[in-house]
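Below you'll find the structure, written out as structure tokens, and then a few comments.
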Amino acid sequence: MNDNQEEFGMQRQSSFSKETTTGALYLVPTPIGNLGDMTYRSVAVLKEVAVIAAEDTRNTQKLLNHFEIETPQISFHEHNTQERIPQLIARLQSGDSIAQVSDAGTPSISDPGKELVAACVEQHLPVVPLPGANAGISALIASGIAPQPFYFYGFLDRKPSRQKEALAKLVDRPETLIFYEAPHRLAKTLQSLVSVFGESRRVVLGRELTKKHEEFIRGTLGEVSQWAKTDQVRGEFVMIVSGNDHPETTPDDNFSQLPLEQHVQALIDAGQKPTEAIKNVAHLHGLKKQEVYQIFHHIEKD
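Heads up: the sequence shown begins at 1 in UniProt numbering, then just goes up one per residue.
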């Protein structure tokens, strides 16, 4: 790594370099319901590492017993993150490799993991992701709604008021949206979606994915919201919501054809601060802020 790369924080990780003297952090997905979805590579890695950092050691032990994996575990969850990270980093630096698993699915995706990954990256320790089970992608590809582009959100806040605040920022997004929800909160969350997105937006609920009672409920937000109020809702859910085909226009859209000076003034008249308006116009036209500033203020270039 040259001096310029170090200055700007650039890193280049060779995951399987023979010259590496430290251990590696392996991010190992586990089944979200069907044990048959465990990959051969995941089993091999869990057997080879020095320790498994598990969200719930009791839950993971059932998986280890099934695949006859005898590797010891250490708990790593949202309540002991700060305590565990220095310990795990020290083991990696000493040469031990560690596998991280969550209760189900891929670590870091709506589960613990990201803090340890960030710490490893900061310490220039290898982080090796393994492919595997993911509820959001599984539901997306079976939904019948456009699979790309998509916007993964995960769990919304539990409070309806904060849900609606978050949804208000997503209402105009054209991408397919992916949310997770627990069964006892599903009806209220769907009602929040109806309140902000309207009743006609398409939605698909993926329930108990990969398990015996796997089910997909497809319809409009209005229809599915009514179903959730009347039916006995059980199991973990993924919600796939279609994107907005006709997002509301913004001042930038309305004024984008104007000359630069008039565009900036129009945004200011619409309520933006001058510095914000100049920045937005520069971004839209691919110019430097200084250039737009000079044009707007009639400053001649040297």
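Every residue gets a Cβ at the ideal spot worked out from N, C-alpha and C, and that includes glycine.
Remember, it's a predicted structure, so these values are computed and weren't measured experimentally.
Per the Cβ contact rule, the segment 20-33 is in contact with the segment 122-136 (3 or more Cβ pairs under 8 Å). In this chain, the beta strand (DSSP E) harbouring V128 covers V127 to P129. Out of K18, G222 and A166, the CA that lies nearest to the CA of P126 is found in K18. In the DSSP assignment, R218 falls within the unbroken beta strand (DSSP E) covering E215 to T220. The segment 95-104 makes contact with the segment 47-58, as at least three CB pairs between them are under 8 Å.
Secondary structure within the segment 26-71: the beta strand (DSSP E) runs of 3 or more consecutive residues, fully enclosed, are 51-54 (chain order).
Using a 10 angstroms sphere on the CB of N34, the tally of other CB atoms stays under 16, which defines it as exposed. For G136, there is no enclosing beta strand (DSSP E); the enclosing alpha helix (DSSP H) covers residues A135 to S143.
DSSP links V241 through a beta bridge to L177 and V203. Residue range K289 to F296 is occupied by the alpha helix (DSSP H) that includes F296.
Where V101 is concerned, the enclosing beta strand (DSSP E) starts and stops at I98 to V101. Within the same chain, V43 come within 6 Å of F67 by CB-CB distance, once the 5 residues on both sides are set aside. In the structure shown, F16 adopts coil according to DSSP, grouped into three states. By the CB criterion at 7 Å, P160 and S110 fall outside the cutoff. Measuring C-alpha to C-alpha distances from V203 to each of K212, A228, E214 and N80 identifies A228 as the nearest. Between I268 and A277, the C-beta spacing is below 7 Å. By the neighbour-count criterion, in which 16 or more other beta carbons inside 10 Å mark a residue as buried, Y40 falls on the exposed side. Under the Cβ criterion (8 Å, minimum of three pairs), the segment 232-244 does not count as touching the segment 257-266.
Under the 8 Å Cβ criterion, the segment 163-173 does not count as touching the segment 204-212, having fewer than three qualifying pairs. For the 7 Å CB-CB criterion, S143 and L190 do not form a contact. Linking A182 to A139 through their CA atoms gives a straight-line distance of about 15 Å. With distances taken between CA atoms, A50 lies nearest to L88 out of L88, T275 and Y153. Per DSSP, F76 lies in no alpha helix (DSSP H) segment and is marked neither H nor E. Taking 7 Å as the cut-off, the beta carbon of L260 is found no closer than this to the beta carbon of I299. Residue range F150 to F155 is occupied by the beta strand (DSSP E) that includes G154. Straight across, the Cα-Cα distance linking Q13 with I85 is about 20 Å.
In terms of Cβ geometry, V171 and V194 do not form a close pair [threshold 7 Å].
Taking C-beta atoms as the reference points, P149 and I141 fail to come closer than 7 Å. For the pair T81 and E48, the CB atoms are not nearer than the 7 Å cut-off.
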